[in-house]
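Counted from 1, the sequence shown has number 94 at position 42 by my numbering; the numbering is strictly sequential.
Using N, Cα and C, we set each Cβ at its ideal position, and we do this for glycine too.
Heads up: the structure comes next, in structure tokens.
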Amino acid sequence: MKYINAADVLPMELLKELSNYVNGQLLYVPSMESKKSWGSKSGSKLYYEQRNRDIVNLHRKGVNIDELCGRFHLSYDTIRKIIKSA
Numbered sequence: 053m054k055y056i057n058a059a060d061v062l063p064m065e066l067l068k069e070l071s072n073y074v075n076g077q078l079l080y081v082p083s084m085e086s087k088k089s090w091g092s093k094s095g096s097k098l099y100y101e102q103r104n105r106d107i108v109n110l111h112r113k114g115v116n117i118d119e120l121c122g123r124f125h126l127s128y129d130t131i132r133k134i135i136k137s138a
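See below:
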């Protein structure tokens with residue numbers, strides 16, 4: 053993130069008003085654009101949702117947790133949490 057001097061981009065009236073609140077301090081102004089949720093841009097979210105559905109479905113079909121651990125390379129506790137959250 054690049055530092056921008058407020059005096060270079062804000063009108064003097066707004067700059068004076070802001071100085072009443074944060075005079076001489078750094079101020080972060082968050083973007084007004086809506087942020088995308090985690091993994092939505094890269095596709096990771098969909099990947100993990102599908103993987104977790106596969107784990108739950110296989111467990112419902114009788115595949116035991118130890119076998120799911122080996123198949124998906126996850127710990128026993130992680131598999132249990134996925135199954136329990138479904």
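Nearest-angstrom Cβ-Cβ length linking residue i and residue j, presumed shorter than 8 Å
i	j	result
ALA59	LEU66	Not quite, the Cβ-Cβ distance comes to about 11 Å (not below 8 Å), so this is no contact.
LEU110	LEU126	In fact, because the Cβ distance is near 12 Å, the residues do not count as touching under 8 Å.
TYR128	ILE135	Going by Cβ atoms, the distance from TYR128 to ILE135 rounds to 11 Å, so no, they are not a contact pair.
Span of the alpha helix (DSSP H) around residue i
i	result
GLU85	GLU85 -> no alpha helix (DSSP H), and no H or E assigned at all.
MET53	Looking at the DSSP string, MET53 is not in any alpha helix (DSSP H), and its letter there is neither H nor E.
ASN75	That residue, ASN75, is in no alpha helix (DSSP H); it is neither H nor E in DSSP.
ASN104	96-112
Check whether residue i and residue j have beta carbons under 8 Å apart
i	j	result
ALA138	VAL115	no
SER89	LYS97	yes
Spatially closest choice to residue i from the options, by CA coordinates
i	options	result
ASN104	MET53, TYR73, LYS133	LYS133
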